[in-house]
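Protein chains in written order, with our numbering: chain A, 2 to 144; chain B, 430 to 574.
Beta carbons: idealized from backbone N, C-alpha and C, even for Gly.
(1) Taking 8 Å as the cut-off, does the region 537 to 555 of chain B touch the region 456 to 470 of chain B (at least 3 CB pairs, one atom from each stretch)?
(2) Going straight from the alpha carbon of residue 493 of chain B to that of residue 113 of chain A, what length do you get?
(3) Please report the distance separating the alpha-carbon of residue 82 of chain A from that of residue 124 of chain A.
(4) For chain B, is any of its Cβ atoms less than 8 Å away from the one on residue 75 of chain A?
(5) Residue 537 of chain B lies in the alpha helix (DSSP H); which residues open and close that run?
(6) What residues in the region 103 to 124 of chain A bring their beta carbon closer than 9 Å to a beta carbon of chain B?
(7) Whose C-beta lies closer than 7 Å to the C-beta of residue 442 of chain B among residues of the same chain, with five residues either side of it excluded?
(8) Could you give the distance in angstroms between the alpha-carbon of residue 521 of chain B and the alpha-carbon of residue 513 of chain B?
(9) Closest Cβ-Cβ distance between residue 566 of chain B and chain A: below 8 Å?
(10) In terms of alpha-carbon separation, which member of A:30, A:20, A:108, A:66 lies closest to residue 41 of chain A?
(11) Can you list the residues of chain A that residue 466 of chain B reaches, using a CB-CB cut of under 7 Å?
(12) In the DSSP assignment, the alpha helix (DSSP H) including residue 456 of chain B goes from what residue to what residue?
(13) Quick check: the Cα distance between residue 433 of chain B and residue 52 of chain A, rounded to an integer number of angstroms?
(14) My output table needs one value for residue 47 of chain A: the three-state DSSP class, helix, strand or coil.
(15) Can you check which of these residues, B:482, B:454, B:554, B:516, is closest to residue 105 of chain A by C-alpha distance?
(16) Taking the Cβ atom as the reference point for each residue, do residue 13 of chain A and residue 468 of chain B lie within a distance shorter than 8 Å?
(17) Please confirm whether residue 518 of chain B and residue 65 of chain A have their CB atoms less than 8 Å apart.
(18) Per DSSP, what kind of secondary structure is residue 467 of chain B in: helix, strand or coil?
(19) Counting C-beta neighbours from all protein chains within 10 Å, is the total for residue 528 of chain B 16 or more, i.e. buried, or is it exposed?
(20) Since residue 457 of chain B and residue 96 of chain A should fall inside the 8 Å C-beta cutoff, what is the C-beta to C-beta distance between them, to a whole number of angstroms?
(21) Starting from residue 63 of chain A, follow the alpha helix (DSSP H) in both directions and report where the run begins and ends.
(22) Have a look at residue 502 of chain B and residue 100 of chain A and give me their C-alpha separation to the nearest angstrom.
(23) Of all Cβ atoms in chain B, is any one closer than 8 Å to the Cβ of residue 136 of chain A?
(24) Against residue 456 of chain B, what residues of chain A qualify as contacts under a CB-to-CB distance less than 7 Å, listed in chain order?
(25) Quick one: which chain B residues come within Cβ less than 8 Å of residue 47 of chain A?
(26) So with CB distances below 7 Å, who are the chain B contacts of residue 34 of chain A?
(27) Can you tell me which residues form a DSSP beta bridge with residue 494 of chain B?
(28) Could you give the C-beta distance for residue 450 of chain B and residue 67 of chain A, rounded to a whole number, given that I count them as a contact under 8 Å?
(29) Excluding the five sequence neighbours on either side, which residues of its own chain have a C-beta within less than 7 Å of the C-beta of residue 70 of chain A, listed in chain order?
(30) With residue 449 of chain B as the anchor, note down where its alpha helix (DSSP H) starts and where it stops.
Below, the structure written as structure tokens:
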């Protein structure tokens, strides 16, 4: 293993992580809820959901972030390597998997681990493991 | 009020994802690429987030009501079951394929590129498939068995 020093951003990533932590802190202390993106979004797909307004407001906040960010600093460069077919398959798997497993990187990875939830630790280990294996297979075995 | 705070929480979360580099799939895949050129930045994102929210959840755990008077709803499930692990494995496979998870996917919609729209549309179809599965009575019997 070698380290990708050329793209390593420890301070920006730590700072961004602290902002994410402040968001989840604010959400639980003010709204009393877990800021898990797949859970907040997935709940909108349920009929007769009483929580439509705050869920939609949270999602609109996420969508507004690039606009707000670009007022202060240029948006970071992104590189999306996946082709359309891969994006479709990946999106389907992420959609089904996060709902079936009750959470994603934010709900299990950030909120769950912060709460000391053993269940979230198992979930996080599961998706990290599958992610590492998938990248290994696609980048090293078939590339 | 709780609508406004939900919007602000979403905005702050999105700003954090942008600043941290989580909206760049190549950085995420770089973190998962432990056998190649490893990009450790994502460990700093997780550490920063958990460092702050650990104290918030400790505080929230001692209360019934939030500062706005809302009921604090923390997950009560503790069971490690097949759904949890299978769901995690399926999610992780999709995550590793594209380097995109739900939060960054939504934030990236606001950049105006076409790829996030394709991904989010497929993700919503996947979430909808789960909802249909949940509503199918046979699914409960299968899970119970």
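In short, the structure shows the following:
(1) no
(2) 18 Å
(3) 26 Å
(4) no
(5) 531 to 538
(6) 103, 104, 105, 106, 107, 108, 109, 110, 111, 112, 113, 114, 115, 116, 117, 118, 119, 120, 121, 123, 124
(7) 532
(8) 12 Å
(9) no
(10) A:108
(11) 3, 5
(12) 454 to 461
(13) 14 Å
(14) coil
(15) B:516
(16) no
(17) no
(18) strand
(19) buried
(20) The Cβ separation is near 17 Å, so there is no contact.
(21) 53 to 73
(22) 18 Å
(23) yes
(24) 8
(25) 560
(26) 502
(27) B:500
(28) Incorrect: roughly 14 Å between the Cβ atoms, too far for contact.
(29) 76
(30) 431 to 449
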